[in-house]
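Visitor: So the sequences go chain by chain: G and C. In this note's numbering, each residue's number is its place in the first sequence (first place is 1) plus 8. In this note's numbering, each residue's number is its place in the second sequence (first place is 1) plus 206.
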Amino acid sequence: MLYDRIEPLLAGVSKPARYTGGEVNMVKKELDGIDVRFAFCFPDTYEVGMSHLGMKILYHILNKRENFYCERVFAPWADMEAAMRQNGVPLFSLETFSPVADFDIVGFTLQYEMSYTNVLNMLDLAGIPMTGSERDAANAPFVVCGGPCAFNPEPLADFVDLFMVGDGEEQILELCEHYDAWKKRGGTREEFLLEMANIEGNYVPRFYESAYDENGEFAGVRRLRDDVPARIRKRCIPDLDSADYPDRIIVPFTEIVHDRVMLEVARGCTRGCRFCQAGMLYRPQRERSLDKLLELARKLLGSTGYEEMSLSSLSTGDYSHLPELARKLVQEHGCNKVAISLPSLRIDSVLGETLEQTQQIRKTGLTFAPEAGTQRLRDVINKGVTEQQLRESVHDAFEKGWSAVKLYTMIGLPTETDEDLDGIRGLAQAVLDEYFSVPKEVRQKGLRVSVSASSFVPKPFTPFQWEPQNTIEELERKQKLLREKLHLRSVTFSWHEPHLSFLEAAFARGDRRLCGVLLAAWKRGCRFDGWTEEFKFDAWMAAFADCGLTCEQFAHKRYDLDAPLPWDHIDAGVTKEFLQREWKKALAAQTSPDCRIKCHGCGMKQFIKGVCKSCE
Amino acid sequence: MIAEFEKMGRMSWFSHLDLQNTMQRAMRRAGLPVRYSQGFNPHVNLAFATALSVGLQSRCEILDVELAGEISPEEFLTRINAVLPEGLKCSRAALVEDAAPALMALMTEAEYAVEAPGADLSAAVEGFLALEEVMAEKKSKSKTRMVNIRPMVHALDCAFDGEKSVLTMILEQTNANCLKPELLLQTLAPGVFCRIVRTGFYARKQDGARVGLFEAGMDKA
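1) Label residue 444/G either buried or exposed according to how many other C-beta atoms from any shown protein chain fall within 10 Å of its C-beta, with 16 as the threshold for buried.
2) With 9 Å as the limit, tell me which residues of the region 208–223 of chain C have their beta carbon closer than that to any beta carbon of chain G; keep them in chain order.
3) Taking the beta strand (DSSP E) that residue 458/G falls in, what are its first and last residues?
4) By the DSSP assignment, the beta strand (DSSP E) with residue 401/G in it spans what residues?
5) Could you pull the start and end residues of the beta strand (DSSP E) that residue 503/G belongs to?
6) First and last residue of the beta strand (DSSP E) that includes residue 354/C?
7) Cβ atoms of residue 148/G and residue 137/G: under 8 Å apart, would you say?
8) Give the range of the beta strand (DSSP E) segment to which residue 375/C is assigned.
9) Under 8 Å between beta-carbons, which chain G residues line up against residue 232/C? List them in chain order, please.
10) Is there contact between the region 464–473 of chain G and the region 587–603 of chain G, where contact requires at least three CB pairs shorter than 8 Å?
11) How about residue 411/C and residue 417/C: are their beta carbons less than 8 Å apart?
12) At what residue ranges does the region 44–103 of chain G contain a whole run of the beta strand (DSSP E), taking only runs of 3 or more?
13) Suppose you measure from the CA of residue 104/G to the CA of residue 151/G; what does that come to, to the nearest Å?
14) Are the beta-carbon atoms belonging to residue 389/G and residue 486/G less than 8 Å from one another?
15) For the alpha helix (DSSP H) containing residue 393/C, name the first residue and the last one.
16) Alpha carbon to alpha carbon, how far is residue 236/G from residue 496/G? Give it in angstroms, no decimals.
17) What are the start and end residues of the beta strand (DSSP E) that includes residue 405/C?
18) Please report how far the alpha carbon of residue 166/G lies from the alpha carbon of residue 520/G, in whole angstroms.
19) Evaluate the contact criterion for the region 456–469 of chain G versus the region 406–424 of chain G: three or more CB pairs, one atom per stretch, below 8 Å.
20) Does the beta-carbon distance from residue 581/G to residue 291/G come in below 8 Å?
21) What does residue 262/G touch in chain C if you count any residue whose Cβ is under 8 Å from its own?
22) So is residue 341/C buried or exposed if we call it buried at 16+ other beta carbons inside 10 Å?
23) What is the DSSP secondary structure of residue 352/G, counted as helix, strand or coil?
24) Please state if the CB of residue 43/G and the CB of residue 144/G are separated by a distance shorter than 8 Å.
25) Apart from the five residues just before and just after residue 77/G, which ones in its own chain have a Cβ nearer than 6 Å to its Cβ?
26) Checking 8 Å against the spacing of the C-beta atoms, do residue 255/G and residue 307/G come in under that value?
27) Does the beta carbon of residue 318/C sit closer than 8 Å to a beta carbon anywhere in chain G?
28) Whole angstroms are fine: how far does the CA of residue 322/C sit from the CA of residue 365/C?
29) Within 8 Å, do at least three Cβ pairs link the region 50–65 of chain G to the region 108–120 of chain G?
30) Which parts of the region 250–332 of chain C are runs of the beta strand (DSSP E), unbroken and 3 residues or longer, counting only runs that do not cross its ends?
31) Spatial neighbours of residue 295/C within its chain, please: CB distance less than 7 Å, with the 5 preceding and 5 following residues excluded, ordered by chain position.
32) Rounded to the nearest angstrom, how far is the Cβ of residue 233/C from that of residue 250/C, given a contact under 8 Å?
33) So which residues on chain C does residue 18/G lean against when the C-beta distance must stay under 7 Å?
34) For residue 28/G, decide whether its Cβ has a neighbour in chain C, counting only Cβ atoms nearer than 8 Å.
35) Would the region 265–279 of chain G and the region 593–605 of chain G be scored as touching if the rule is three or more Cβ pairs under 8 Å?
36) List the residues of chain G whose Cβ lies closer than 8 Å to the Cβ of residue 380/C, in chain order.
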């Protein structure tokens, strides 16, 4: 067994429990009765990957089938990678310590662009050829990808056999069922992929090509054969209650990023923030019923022993039955010392009652995301909240004993001026003022206001998809300005590495030419790019140069509103016309209210009938 | 309640802090009547006889958990073992009052079984036993110093069967002074891969005779 060769390496690496599996609720199966072996690969460390909800859901769904076996694989950290390469130990799964090359299907979830080099590195560590044609020749596992970044699959197109676009619950089962039938029937790999390409939500990049005009500008993705769809419609689960959700999840031994039960109360968001890709990709908003959630909470807490539970969604504060859910969860589980935490609260959510409930058990930090400093810019990005609402919310929280507040903001947004940065200082000052307006005997001591500023990255399928990113110099200037402005007592300021955001922008909106850049960067030693200590900016710039391209031409590009876009062949449900209308409204600083108030015709009502509840 | 448990195989690679969380969650899954600490982050009142280094296996760890309700040792074992992952298993349990600090104070030695695949360590062991003083670099949190480890080795033997060396060792383990098996093995055979299993904790009777720590803890009850 491979474990005998892994074990001697463990004493010499950091956090060895990343590599040993065997956790509570890990699925164990005899390989004898298995028809399809699926390696679920997360292209980052164990602690990051194990925090990911989608993996828990799909792991559960696949393993419910007796004859399928889904195992987990994570990217080894640099020390372990070196030890593995030195000793000829291939990439392995945690359930059975099997080489990843022994699996039928190797699936990666693409959560963020800066994990792409890890995908290549993991294939290499597994000894799996990187391109589809090489894999065909070697009869190696099929390589499939899903997750939000699969909505612009082009930068990985050369390395992947199949992209799965949209909600994965049904799609991943179909994949394994079709694979099983194909394997038993016999046939060429191309036949299998052709069959898959004709199932909704599947994109097989080898059946498509990318065109460029005489100036080297992207000119569209075209079919190479007419028996595959011209556009790939994303998959969408209409009813979350009927979708499978795990009632037991793996409890890691070692601490992970989100070390708690995650209860997905809803998918999608009705707010329509114009920078937010998730808010567009996961439309329409769908909720789980109160009863279903209470039942899941009971089962999950019982099967894991976790002492903390979070209610997760893009906008948990908008969940229709939030106060009742919070109250019932506290009633039922409070005596067992379970803390209920509510992350990603929006500042205009109905907080009052909920705050009192959560306080009964455990105080977690309060997080608000005003995103921009002035009302004008908040209108541009359609973040429909006001300073007054922020003031009321934090005032309320301070009266109820909170003393730590996080403010998430963004710099480099379209139309931003230095006045908007002044506004960020103004918001921080407003929070301080509200704190000191609460009488001393009522408020908690130890006020902490953390302001963070990420850099705007234009993303596909958002109204800002045509916008250029600020240059690194401009982002650095704005960060410096904010550092000076936020030199206030009790306020700390943090910001994102702009070089990383620059690269992220190129890969978010890039086309198929970036496959070459990616390969070159990996060859130059890039991996774990999202980790500051591993990020090699110069190597990346050299990789662009190797391919005769620049990062600027992708990150700083302003697309024409009617120009072909590298992700036009993917149908996310929201129409281009809607995104164009939203872009125009943004520049005029006109808001589009929450779509529960007014339908803005994003296209989802036509895309999937009867699910969208907006203004019905 | 005190309980003896094993931490074997894959379970040897997570830390002492992880063990605390793991045991706490197991007790919650098992629905055991455990007592919680006060404060904002209530946790199960749970203590261990001593920590086990990452990478070491053990058949004899001892935990001490404060109970809030009545439960028999047999029931405790049945319920906790039903929810522990493979490699963690409680072998026996006993009801005692305020055991943990007392257990720590009673402990004198720990016993280990070591396997070194593909290495013959018998000559090294023989050489070590012939010496009266063996200096080794002992690291603690704050400082590193040279100490004579020879007197802390109370028993040591080695057998080589042509494929692997099998060692047993009894090493000093008190609050004040303790010799880790990794350090001894590093001195005996630097760079050789060894599987180490802790197999026993001992206390001394008044007449100086060795007695198992768990038994000593039960005697106190």
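Virtual Cβ for every residue (Gly too), placed ideally from N, Cα, C.
Guide: To lay it out plainly:
1) Stepping through the first sequence from its first residue, residue 444/G is reached at position 436. By the neighbour-count rule (16 or more Cβ atoms within 10 Å), residue 444/G is not buried but exposed.
2) Within the region 208–223 of chain C, those residues whose Cβ lies closer than 9 Å to any Cβ of chain G are, in chain order, 215, 216, 217, 218, 219, 220, 221, 223.
3) On the first sequence, position 450 is the one that residue 458/G refers to. Annotation: the continuous beta strand (DSSP E) that includes residue 458/G extends over 456–463.
4) Here residue 401/G refers to the residue found at position 393 when the first sequence is read from its first residue. DSSP places residue 401/G in no beta strand (DSSP E) but in the uninterrupted alpha helix (DSSP H) bounded by 395–407.
5) Residue numbering aside, residue 503/G sits at position 495 when the first sequence is read from its first letter. From DSSP, the beta strand (DSSP E) with residue 503/G extends over 499–503.
6) As a first step, residue 354/C is located in the second sequence; it is residue number 148 there, counting from the start. Counting along the chain, the beta strand (DSSP E) containing residue 354/C begins and ends at 350–354.
7) Walking along the first sequence from the start, residue 137/G turns up at place 129. Walking along the first sequence from the start, residue 148/G turns up at place 140. Result yes, Cβ atoms of residue 137/G and residue 148/G sit closer than 8 Å.
8) In the second sequence, residue 375/C corresponds to position 169, counting from 1. From DSSP, the beta strand (DSSP E) with residue 375/C extends over 370–378.
9) Within the second sequence, numbered from 1, the residue matching residue 232/C stands at position 26. 32, 313, listed in chain order.
10) Taking one beta carbon from each stretch, the region 464–473 of chain G and the region 587–603 of chain G have 3 or more pairs nearer than 8 Å; the two touch.
11) As a first step, residue 411/C is located in the second sequence; it is residue number 205 there, counting from the start. As a first step, residue 417/C is located in the second sequence; it is residue number 211 there, counting from the start. Cβ atoms of residue 411/C and residue 417/C: closer than 8 Å.
12) Qualifying beta strand (DSSP E) stretches, in chain order: 44–50, 76–82.
13) Sequence index remark: in the first sequence, residue 104/G carries index 96 (1-based). Sequence index remark: in the first sequence, residue 151/G carries index 143 (1-based). In a straight line, the C-alpha of residue 104/G is about 20 Å away from that of residue 151/G.
14) Within the first sequence, the letter at position 381 stands for residue 389/G. Within the first sequence, the letter at position 478 stands for residue 486/G. No, Cβ-Cβ distance for residue 389/G and residue 486/G is not below 8 Å.
15) Within the second sequence, residue 393/C is the residue found at index 187, counting from 1. First-last of the alpha helix (DSSP H) with residue 393/C: 387–394.
16) On the first sequence, position 488 is the one that residue 496/G refers to. On the first sequence, position 228 is the one that residue 236/G refers to. Between the C-alpha atoms of residue 496/G and residue 236/G there is a straight-line separation of about 59 Å.
17) Within the second sequence, the letter at position 199 stands for residue 405/C. Per DSSP, the continuous beta strand (DSSP E) segment holding residue 405/C begins and ends at 401–410.
18) Counting from one through the first sequence, the residue named residue 166/G turns up at place 158. Counting from one through the first sequence, the residue named residue 520/G turns up at place 512. Taking the straight line from one Cα to the other gives about 8 Å.
19) Cβ pair count under 8 Å is three or more, so yes.
20) Within the first sequence, numbered from 1, the residue matching residue 581/G stands at position 573. Within the first sequence, numbered from 1, the residue matching residue 291/G stands at position 283. Going by C-beta atoms, residue 581/G is nearer than 8 Å to residue 291/G.
21) In the first sequence, the residue the question calls residue 262/G occupies position 254. Simply 220, 221, 224.
22) Working through the second sequence from its first residue, we reach residue 341/C at position 135. Taking all protein chains in view, the Cβ of residue 341/C is surrounded by fewer than 16 other Cβ atoms within 10 Å, so the residue is classified as exposed.
23) The sequence position of residue 352/G within the first sequence is 344, counting from 1. Because the pLDDT of residue 352/G is 43, which lies under 50, any placement of that residue in the model is unreliable, and the number read from its coordinates should be weighed accordingly. For residue 352/G, the secondary structure class from DSSP, reduced to helix, strand or coil, is coil.
24) Here residue 144/G is taken as the residue at index 136 of the first sequence, counted from 1. Here residue 43/G is taken as the residue at index 35 of the first sequence, counted from 1. No, Cβ-Cβ distance for residue 144/G and residue 43/G is not below 8 Å.
25) Position 69 of the first sequence, counted from the start, is the residue given in the question as residue 77/G. If the five residues before and after residue 77/G are omitted, its C-beta is found closer than 6 Å to the C-beta atoms of 37, 42, 45, all from its own chain and listed in chain order.
26) Here residue 255/G refers to the residue found at position 247 when the first sequence is read from its first residue. Here residue 307/G refers to the residue found at position 299 when the first sequence is read from its first residue. In this structure, residue 307/G lies closer than 8 Å to residue 255/G by Cβ.
27) Position 112 of the second sequence holds residue 318/C. Residue-level contact by beta carbon fails for residue 318/C and chain G, as no gap is shorter than 8 Å.
28) The sequence position of residue 365/C within the second sequence is 159, counting from 1. The sequence position of residue 322/C within the second sequence is 116, counting from 1. Residue 365/C and residue 322/C: Cα-Cα distance of roughly 10 Å.
29) They touch, by the three-pair rule.
30) Entirely contained in the region 250–332 of chain C, the beta strand (DSSP E) runs reaching 3 residues are, in chain order, 252–254, 263–271, 294–300, 313–323.
31) For the purposes of this step, residue 295/C is identified with residue 89 of the second sequence, where counting begins at 1. For residue 295/C, where only same-chain residues beyond five positions count, the Cβ hits under 7 Å are 211, 212, 287.
32) The count along the second sequence starts at 1 and reaches residue 233/C at position 27. The count along the second sequence starts at 1 and reaches residue 250/C at position 44. Right, the Cβ-Cβ distance comes to about 6 Å (below 8 Å), so this counts as a contact.
33) Counted from its first residue, the first sequence places residue 18/G at position 10. Residues of chain C passing the Cβ test: 219, 261.
34) As a position in the first sequence, residue 28/G is number 20, starting the count at 1. Yes, contact with chain C.
35) A contact exists between the region 265–279 of chain G and the region 593–605 of chain G.
36) Working through the second sequence from its first residue, we reach residue 380/C at position 174. Within chain G, no C-beta atom comes less than 8 Å from the C-beta of residue 380/C; the nearest is roughly 26 Å away.
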